[in-house]
Amino acid sequence: MKLYVVMPVFNEVRTIEEIVARVQSAPFEKEIVIIDDCSTDGTVDLLRKIADQSENIKVFYHDRNRGKGAALRTGVTQVKGDIVIIQDADLEYDPREYPKILEPILDGRADVVYGSRFLGGPHRVMFFWHYVGNQFLTLLSNMLSNVNLTDMETCYKAFRKEVLKDLTLKSDRCGFEPEFTLKVAKRKFRIYEVPISYSGRTYEEGKKINWKDGVAAIFSIIRFRFFD
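Under our numbering, the first residue of the sequence shown carries the number 10, and numbering increases by one thereafter.
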């Protein structure tokens, strides 16, 4: 089994080397594909160095900032592994949990696995209204897709490469999460959730998501349920 790690990156000069080292330590044969979404803080220089030092890392560079969804679409079009996992570059999610996340797929029980931050794993206590917003988006997505996820917006999504053959992904920015969820639910893929830890960042530490992304996600849920 070969794991294909897709890592979107935007202005993560403080964390990129550490997260790559953590991913490399995960106990699977893997290829890491990093997509830089036109970073301006020195991330690009570090990525060039990282790519030169590792044969299993490929880096793609966007010539303008197109959004996380566009970066993920660039990454998944390059898939050569058996299983794909999405990895943020901000150290909020721990690659040491890959075995737990991949287990339902490797056992043949699941096509898609979500790592849920709300199923009992240790997590840093953070913003109340972010939690409320996340729960609202997950509830709305569940109602319109008839699934019972606890964390639709989680970064950690792993899936068999065959899943991609049935999906045409279109979102450029934060609409990727609801689009992916609604489309895999509509196609009746077997979805599992597993508990994961979560070490969230403050805005001073580099967190980027805001209320506008939440509003955009609502429109994405409606769009991909009724108009796509």
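All residues carry an ideal CB built from backbone N, CA and C; glycine is no exception.
Worksheet item: Do Pro-204 and Gly-124 have their C-beta atoms within less than 9 Å of each other?
Response: The answer is yes: Cβ separation under 9 Å.
task: Could you have a look at Val-29 and say whether DSSP puts it in helix, strand or coil?
output: Under the three-state reduction of DSSP, Val-29 is assigned to helix.
_I'd like to check one pair, Leu-173 with Val-85: are the Cβ atoms closer than 9 Å?_
yes
For this session: Return the chain-ordered list of same chain residues with a C-beta closer than 8 Å to the C-beta of Ala-226, the five sequence neighbours on each side being excluded.
Result: Closer than 8 Å at the Cβ level, and outside the excluded window around Ala-226, lie Leu-146, Glu-162, Cys-183, Gly-184, Glu-186, Pro-187.
- Task: Could you have a look at His-132 and say whether DSSP puts it in helix, strand or coil?
- Result: strand
**Asked** How is Met-161 classed by DSSP in three states: helix, strand or coil?
**Response** coil
Next on the checklist: Please identify the residue among Arg-126, Val-42, Lys-197 whose C-alpha is closest to the C-alpha of Arg-82.
Outcome noted: Val-42
Note to self: Check whether the stretch 35-52 and the stretch 93-108 are in contact - that is, three or more C-beta pairs closer than 8 Å.
What the structure shows: yes
Alpha carbon of Pro-3 to alpha carbon of Phe-136, nearest angstrom = Residue 3 lies beyond the residue range present for the chain, which begins at 10 and ends at 237; the question has no answer from this structure.
Euclidean distance between Cα positions of Pro-113 and Val-18: 27 Å
| message | Would Ile-92 and Lys-166 qualify as a contact pair, given that the criterion is a beta-carbon distance under 9 Å? | response | no
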